[in-house]
Amino acid sequence: MSSARPTGLPHVDAETPAVLVLPGPVRRDDVPGLCADVRALLEAGGTGVVVCDVGGLGPPGLAAVDLLARLELTARRAGGRIRLRDPDPALGALLDLVGLRLQVEGQIEEREPALGVEEAVESGDPAV
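Read the sequence shown against our numbering and you will find it ends at 169, with the numbers running on by one and no gaps.
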C-alpha cells in the first residue's frame, strides 16, 4: 500500500541553523566525511550557517584546528559559514594563536561601524 506524496515544499526552518556534533578525538580519516556533512547541511538548510558542537572534541590540538579550518573552508565554498558551540577556552586561545577567526554561538559578531555614523565630540575635547 502506498500513500500520496504531500504537495508543496517540505517544511524548512529558515531561522534555526543545522547542528553538526563533532566527536573526539579527531582523526585525519574523519575530515573528508565531516566536510561532506557540512556541505550537505548547508545545501539542505536555508540559513547559510552550520553550528558545529565542539564540546566533545576533547583536549584542543592542531588536529582540531586543522579540522575546523577545513570545515570553514568547505562552508565558505558552499556559500555559508560554520559557528562553534561550546568551545573549550583553550581551543579558542589556540584558534586565536593561529589566526583562525570563527564565529562562536552567543558572541556578537564583530563588524565595521555603519557608514555615516560618527561619534559626537564635545567642543572642549582634545584631539587624539
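Yeah, the Cβ is synthetic: ideal placement off N, Cα and C, and Gly gets one too.
Which one of Asp-129, Ala-104, Leu-141 has the shortest CA to CA distance from Leu-114? Position 73 of the sequence shown, counting from 1, holds the residue named residue 114. Out of Asp-129, Ala-104, Leu-141, Leu-141 has the C-alpha closest to the C-alpha of Leu-114.
Minimum C-alpha distance to Cys-93 - residue among Asp-107, Arg-69, Gly-121, Leu-63: Residue 93 sits at position 52 when you count from the first residue of the sequence shown. From the listed residues Asp-107, Arg-69, Gly-121, Leu-63, the smallest Cα separation to Cys-93 is found for Leu-63.
Which partner residues does Cys-93 have in the DSSP bridge list? Looking up residue 93 in the sequence shown gives position 52. Looking at the DSSP output, Cys-93 sits in a beta bridge with Leu-61, Leu-125.
On the criterion of 16 or more Cβ atoms from any shown chain inside 10 Å, does Arg-68 qualify as buried, or is it exposed? One-based indexing of the sequence shown puts residue 68 at position 27. Exposed, because fewer than 16 other Cβ atoms sit within 10 Å of the Cβ of Arg-68.
How far does the alpha helix (DSSP H) with Ala-116 in it reach, from first residue to last? Walking along the sequence shown from the start, residue 116 turns up at place 75. Under the DSSP assignment, Ala-116 falls in the alpha helix (DSSP H) whose first and last residues are 103 to 118.
Could you tell me if His-52 is buried or exposed, where buried requires 16 or more neighbouring beta carbons within 10 angstroms of its beta carbon? Taking the sequence shown and counting its residues from 1, the one referred to as residue 52 is at position 11. Low per-residue confidence applies at His-52: pLDDT is 48, beneath 50, and the placement is therefore not dependable enough to give any value.
Is the beta carbon of Pro-130 closer than 8 Å to that of Val-145? By 1-based counting over the sequence shown, the position of residue 145 is 104. By 1-based counting over the sequence shown, the position of residue 130 is 89. No; because the gap between Cβ atoms is not below 8 Å, this pair is not in contact.
Delimiting residues of the alpha helix (DSSP H) encompassing Glu-84: What you label residue 84 is simply residue 43 of the sequence shown in a count that begins at 1. For Glu-84, the enclosing alpha helix (DSSP H) begins and ends at 72 to 85.
Can the beta-carbon of Gly-96 be found closer than 8 Å to that of Pro-58? Within the sequence shown, numbered from 1, the residue matching residue 96 stands at position 55. Within the sequence shown, numbered from 1, the residue matching residue 58 stands at position 17. For Gly-96 and Pro-58, no; Cβs fall outside 8 Å.
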